[in-house]
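Report on the following structure.
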Amino acid sequence: MFDGDIRKLFDLLDNDVNKIREFIQKENKKKFPYLSGTKICNYWLYVIYQYTTQQYRNIECLTVAPDTHVCKSSLKLGLISEKEFQSNHVQDIVIERWQKILQGAKYKPIDIHTPLWLWSRNGFKEIE
Numbered sequence: 016m017f018d019g020d021i022r023k024l025f026d027l028l029d030n031d032v033n034k035i036r037e038f039i040q041k042e043n044k045k046k047f048p049y050l051s052g053t054k055i056c057n058y059w060l061y062v063i064y065q066y067t068t069q070q071y072r073n074i075e076c077l078t079v080a081p082d083t084h085v086c087k088s089s090l091k092l093g094l095i096s097e098k099e100f101q102s103n104h105v106q107d108i109v110i111e112r113w114q115k116i117l118q119g120a121k122y123k124p125i126d127i128h129t130p131l132w133l134w135s136r137n138g139f140k141e142i143e
C-alpha cells in the first residue's frame with residue numbers, strides 16, 4: 016500500500032491522528048495486524064512524531080498506550096480499582112481515566128506512557 020511509503024497514508028488522511036487511527040484500526044485492520052491494536056497504534060504514531068519531522072493534526076488525541084505496565088502503574092496510582100484492573104476492558108478504562116485527568120493540561124495522555132512504563136518495569140522503585 017502507498018508504494019511502501021507511510022507518509023503517503025498520512026498525507027492522504029490530512030495528517031489527522033483520528034483519521035489515521037480509523038484507517039488502521041477499523042477500516043483496514045487486517046492489512047495492519049501489528050499496528051491495529053489499541054496500545055501499539057497510538058505509541059507507533061507517537062514514536063514517529065517524536066523521532067521524525069512528522070507533524071499531525073489532533074496530536075492531543077493520541078491516548079496513553081495502555082499496555083500491562085501502564086495499566087499496573089494506573090492501579091498503583093489509584094486511578095483504577097483492582098476490579099477494573101482485572102476487567103476485560105481495563106485498556107479502555109485506563110485510556111478514559113488518563114484523558115480525563117490530563118484534559119486541559121500541558122501534557123497529552125501519550126506523554127505519560129514512557130514514565131509509567133519505566134516505573135512499572137522497574138518494580139515501582141522509590142526515588143531516593
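Here the sequence shown stands for residues 16 to 143, numbered as in the working numbering. Beta carbons: idealized from backbone N, C-alpha and C, even for Gly. All figures in this text were calculated on a predicted structure; none of them were measured in a lab.
Using only the alpha-carbon positions, how far apart do residue i and residue j sit?
i	j	result
Leu92	Gln40	29 Å
Asp79	Asp18	Here residue 79 turns out to be Val, not Asp, going by the sequence shown. Answer to the nearest angstrom: the Cα atoms are 30 Å apart.
Val32	Phe25	9 Å
Glu141	Asn43	43 Å
On a Cα-Cα basis, can you pick out the residue from the options that is closest to residue i?
i	options	result
Asn73	Ile21, Ser96, Pro48 and Asn30	Asn30
Look at the Cβ atom of residue i, then the Cβ atom of residue j, and state whether they are nearer than 7 Å.
i	j	result
Leu28	Ile35	yes
Asn57	Leu77	yes
Is residue i helix, strand or coil when you go by DSSP?
i	result
Asp26	helix
Asp31	strand
### Message
Three or more C-beta pairs under 8 Å: does that hold for the region 37 to 53 against the region 62 to 73?
### Response
no
Exercise. Evaluate contact between the region 133 to 143 and the region 106 to 113, counting only Cβ atoms and requiring at least three cross-stretch pairs below 8 Å.
Key: no
Open item on the list: Three Cβ pairs or more, each shorter than 8 Å: is that satisfied between the region 54 to 62 and the region 86 to 101?
Closed with: no
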